[in-house]
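Student:
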Amino acid sequence: MGSPRRAFPTSSTSASERLAVHESSTQGDVSSRRKAEVLAAENKLSGREKGGQQTQQQHQMTPSKRPVLNISPPPEDLFDESNMSCQDELLLDSEQSNSIWMENSVSNFSIVSSSSYNDNTEVPRKARKCTPRQKPGPKPVPAEEASMDVFDADSAKGPHFVLSQLGPDSKTCSKASSDGPQASGLKGGILSCQYPQKSEGKELKIVVQPETQHRARYLTEGSRGSVKDRTQQGFPTIKLEGVKESVVLQIFVGNDAGRVKPHGFYQACRVTGRNTTACREVDIEGTTVIEVPLDPSSNMTLAVDCVGILKLRNADVEARIGVAGSKKKSTRARLVFRVNIPRPDGSVLTLQTSSSPILCTQPAGVPEILKKSLHSCSVKGGSEVFIIGKNFLKGTKVIFQENASDDKSWKAEADIDMEFFHQNHLIVKVPPYQNPAITSPVSVGIHVVTNAGRSHDVQPFTYTPEPGH
C-alpha cells in the first residue's frame with residue numbers, strides 16, 4: 002500500500018516539474034523572440050537613419066540639376082522685310098494692337114515667330130504691365146496727333162519703329178512786325194523781340210547819343226548819376242515823330258551788338274533828383290524797365306536824365322542763367338528805347354531803337370608826366386630817360402614830337418624798357434632826330450599816349466647839334 006502512494010506523488014511531482022520546465026522554456030522562447038524583434042526593429046530604424054544621412058550627404062555633394070531651356074532659332078520670316086507694313090489709319094491699328102498687349106499674353110514678337118520659338122512650356126511666363134496705351138478699347142486721339150503722319154508698327158509683324166513728322170518750333174519768337182506785342186498789351190511783350198525804328202509814318206530816333214563810357218554802380222554803392230551825353234553837359238535825347246498823343250517811353254539796358262536783347266550783367270536803374278524827370282521802374286520778364294511819359298507839350302522830345310546803369314553781382318547772374326551762360330561776360334551795353342503806340346482798331350504799333358555802345362567799367366586815368374631825368378640830348382639819340390608819372394598802362398607809347406599841335410610835323414616813338422615798366426615810371430631810349438646836321442638846338446615835346454588818351458602836359462626836350470657843326 003505504501004509503495005503505490007509513494008509512486009503517485011512522485012509521478013505528479015515529475016509532471017508538475019515538467020510543466021514548470023515547459024512553461025519556463027516557453028516564456029524564455031517568447032522573451033527571446035521579443036528581444037529579437039526589438040533588436041531587428043532598432044537595426045531597421047538605425048539603418049534608415051544612416052541611409053537618410055548618406056542620401057543627404059549625397060544631395061549636398063551632388064549639385065541640383067537646373068531645368069534647361071531648349072530655345073530653337075528664330076523663324077526665317079523674322080528677317081523678311083516684306084512683313085513690315087505702314088498703316089494709315091492710326092485708330093484701327095491701335096485697336097488691333099491693343100488686344101495684343103494684355104497681361105499674361107505673349108508679345109507681338111512671339112506671335113510673329115511661331116510657337117516653336119519658345120517650346121519649353123514648363124517655364125512660367127512673366128506678366129507684362131499694361132500702360133494706358135497698351136490697354137484694349139478705344140481711346141480719344143488729339144487733333145494734333147491725328148494730323149501728324151505717324152507710322153505705327155505695333156500691328157506690323159516685325160520689329161517696332163515709330164516715325165513721326167515734327168512740327169515747327171513753337172518757342173520761336175513771333176515775327177517782328179508793326180503789329181506790336183499781343184500777349185502783354187502795352188507792357189512791351191518779349192524784350193528780345195525785334196521791332197522797327199520807323200513804321201507807318203512814325204519814327205523813334207535818338208537825337209543825342211549817350212556818352213561812350215559810364216561807370217556802372219553796384220547795389221552796395223551810392224548813385225553815380227544818370228548817363229550823360231558825350232559832351233558831359235547834357236543827357237541822351239529821344240524824339241518821336243508822327244505822333245501827337247501821349248505815350249510811354251520804355252528804357253532798358255541791352256546787349257552791346259547784334260540783335261537787341263536784355264543784358265545779362267547790367268540793368269537800368271532809376272535816378273531821382275530835384276530836377277530829374279518823373280519816372281517809374283517796372284519788371285518785365287526779370288528785366289528792369291524805366292517808364293517815362295512822352296507828351297506833346299514837349300514836342301514829343303525827351304532828355305533822358307533819370308536813367309543809370311546798375312552792375313549785377315556775378316553770383317546772382319550765375320544763379321539765374323547758369324555758370325555756362327555767365328562766362329560770356331561783356332562790359333559794354335546799349336540803352337534800348339521802345340514805345341507802344343495804340344491804333345484806332347485797338348492794336349498796338351511798337352517802335353524801338355538802340356543807342357551806341359557804352360563802356361560800363363571804371364574809366365582809365367589819363368597818363369601824366371611828373372618828372373624826367375634828362376632834358377637834352379645829341380641829335381643821334383640813344384640816351385636813357387627816366388620818366389616818373391601816373392597811369393602808365395599796357396600799350397603806353399612815349400612820343401617825341403617837334404610840334405605837338407601839328408600832326409604832320411616830325412615825331413618818333415621812343416623804345417620802352419619793358420623790364421622796368423611800371424604804372425608810375427618808365428625808362429625810354431631817346432630816338433634820333435630827323436636831321437643830324439642841325440647847327441642849332443631844336444626843341445621838341447614829349448608826351449605819353451595810352452588807350453585812355455594822351456597826356457595833357459607836354460614836357461619840353463632839346464636836341465643839340467653834334468660838335469663840329
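Numbering (my numbering), first residue to last: 2 to 470. All C-beta atoms, glycine included, are put in the ideal place defined by N, C-alpha and C. Note that the coordinates shown come from a computational prediction; the quantities given were computed from them, not determined experimentally.
#1: So, does the segment 247 to 266 touch the segment 292 to 308, judging by three or more C-beta pairs under 8 Å?
#2: Where does S356 fall in DSSP's three states?
#3: Enumerate in chain order the residues of its own chain whose CB-to-CB distance from V337 is below 6 Å, with the five nearest sequence positions on each side excluded.
#4: Quick one: grab the DSSP three-state call for D296.
#5: I'd like the ranges of any alpha helix (DSSP H) spanning at least 4 consecutive residues and lying wholly in the segment 399 to 462.
#6: Quick one: Cα of F422 to Cα of T232, how far?
#7: Which stretch, first to last residue, makes up the alpha helix (DSSP H) that contains R321?
#8: Is the distance from the Cβ of L371 to the Cβ of I389 below 7 Å?
#9: In three-state terms, what does DSSP make of G181?
#10: Using three-state DSSP, classify A37 as helix, strand or coil.
#11: Straight-line CA distance for F393 to T451?
#12: Taking Q268 and L311 to be in contact with their CB atoms under 8 Å, please state how far apart those CB atoms are, rounded to whole angstroms.
#13: Should A334 and C307 be called a contact, given that it needs their Cβ atoms to be closer than 7 Å?
#14: Does the beta carbon of T273 fall short of 6 Å from some heavy atom of the ligand ATP?
#15: Check for me: the beta strand (DSSP E) holding Q268 runs from which residue to which?
#16: K373 bridges to which residues according to DSSP?
#17: Does the Cβ of L40 have 16 or more other Cβ atoms within 10 Å, making it buried, or fewer, making it exposed?
#18: What does DSSP give as the partner residues of G255 in its beta bridges?
#19: Below 7 Å CB to CB, which residues in the same chain sit around P461 once its five sequence neighbours on both sides are set aside?
#20: Would D418 and S331 be called neighbours here (beta carbons separated by less than 7 Å)?
#21: Quick one: grab the DSSP three-state call for T277.
#22: DSSP state of K381, grouped into three classes?
#23: Can you give the Cα-Cα distance for P466 and N436, rounded to whole angstroms?
#24: Tell me where the beta strand (DSSP E) around K312 begins and ends.
#25: With C270 and T289 assumed to form a contact (beta carbons below 8 Å), what rounded beta-carbon distance in angstroms separates them?
#26: For the beta strand (DSSP E) that contains I207, what are its first and last residues?
#27: Once the 5 residues before and after S377 are set aside, which same chain residues still bring their CB inside 8 Å of it?
#28: Can you name the residues that DSSP bridges to D284?
#29: Would the beta-carbon of I428 fall within 7 Å of that of F401?
#30: Are E201 and E242 close, meaning C-beta to C-beta below 7 Å?
#31: Determine the direct distance from the alpha carbon of G265 to that of M301, and round the result to whole angstroms.
#32: Measuring alpha carbon to alpha carbon, tell me which residue in S224, V431, Q210 is nearest A304.
#33: Going by other Cβ atoms of all chains shown within 10 Å of its Cβ, with 16 needed for buried, is S185 buried or exposed?
#34: Please state whether DSSP places Q363 in a helix, a strand or coil.
#35: Have a look at P468, R321, A415, C280 and flag the residue whose alpha-carbon is nearest the alpha-carbon of E286.
#36: Quick one: Cα of P468 to Cα of K409, how far?
Tutor: In short:
#1: yes
#2: coil
#3: F253, G255, V261, S355
#4: coil
#5: none
#6: 34 Å
#7: 315 to 322
#8: yes
#9: Low per-residue confidence applies at G181: pLDDT is 47, beneath 50, and the placement is therefore not dependable, though the value from the model is reported in the following sentence. If DSSP states are grouped into helix, strand and coil, G181 belongs with coil.
#10: helix
#11: 7 Å
#12: 5 Å
#13: no
#14: Ligands in the displayed structure: none, and consequently the ligand ATP is not present.
#15: 267 to 271
#16: I388
#17: exposed
#18: P263, R335
#19: S444, G446
#20: no
#21: coil
#22: coil
#23: 9 Å
#24: 308 to 312
#25: 7 Å
#26: 203 to 209
#27: P442, F462, T463, Y464, T465
#28: T289
#29: no
#30: no
#31: 31 Å
#32: Q210
#33: Residue placement at S185 is poorly supported in this model, since its pLDDT is 41, which falls under 50; the coordinates still yield a value, given next. By the 10 Å Cβ count, S185 comes out exposed.
#34: coil
#35: R321
#36: 29 Å
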